[in-house]
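*Asks:*
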Amino acid sequence: MSKLFFKGRIETRQNHVLAGYNVNRDVKAGTAGAPISVIVNTEERKAEIEALLAEHTFIGNVVVDATQEENTSELDGLLNKPQTIRFEKTPNRNEPCLCGSGKKYKKCCA
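First residue of the sequence shown? That's 11 in the numbering used here, and the numbers climb one at a time after it.
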């Protein structure tokens with residue numbers, strides 16, 4: 011028998027497998043499952059934020075409170091997602107050099 015053979019009640023094993031924290035959730039910020047919360051100071055600013063939410067199809071709770079500081083960090087994070095930086099691939103040793111000299115890369119700029 012292998013070491014991985016389960017010796018015990020099957021019901022217990024199944025319950026153990028099903029329990030735990032689900033890290034592969036499909037809930038994203040700005041959806042009905044996880045609405046964003048935004049605090050603004052004036053009604054005019056609330057109208058601007060609601061227009062942005064409607065334009066980008068985000069769901070959020072906008073609260074007007076003049077005593078608190080304006081907090082739109084969750085909305086800013088959704089609107090300004092960081093882009094992946096892509097670098098140009100360096101040529102292989104035997105390919106022509108990028109500088110345009112006509113020599114192989116290994117003889118010129120490597």
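Glycine included, C-beta positions come from ideal geometry on N, C-alpha and C. Computed from a prediction, not measured in an experiment: that's the story for all the values here.
Measuring alpha carbon to alpha carbon, tell me which residue in L63, F97, E53 is nearest A39.
*Replies:* Of the candidates L63, F97, E53, the one whose C-alpha sits nearest the C-alpha of A39 is L63.
*Asks:* Using DSSP with H/G/I as helix, E/B as strand and the rest coil, what is I46?
*Replies:* Strand at I46.
*Asks:* Let's test the definition: count the other Cβ atoms within 10 Å of the Cβ of I95 and tell me whether it reaches 16, buried, or not, exposed.
*Replies:* Exposed, by the Cβ-count rule.
*Asks:* Use the C-beta contact count for V37: other C-beta atoms within 10 angstroms, 16 or more gives buried, fewer gives exposed.
*Replies:* It is exposed - the Cβ of V37 has fewer than 16 other Cβ atoms within 10 Å.
*Asks:* Sort Q78, T52, I46 by Cα distance to H66 and report the nearest one.
*Replies:* It is I46 whose Cα lies nearest to the Cα of H66.
*Asks:* Starting from G87 and walking both ways along the alpha helix (DSSP H), at which residues does that stretch end?
*Replies:* Looking at the DSSP string, the run of the alpha helix (DSSP H) that includes G87 is 83-89.
*Asks:* Using DSSP bridges, identify the partner residues of N71.
*Replies:* Beta-bridge pairing links N71 to S47.
*Asks:* My output table needs one value for K99: the three-state DSSP class, helix, strand or coil.
*Replies:* If DSSP states are grouped into helix, strand and coil, K99 belongs with coil.
*Asks:* Using the beta-carbon count (16 or more within 10 Å), is L89 buried or exposed?
*Replies:* Exposed, since its Cβ has fewer than 16 Cβ neighbours within 10 Å.
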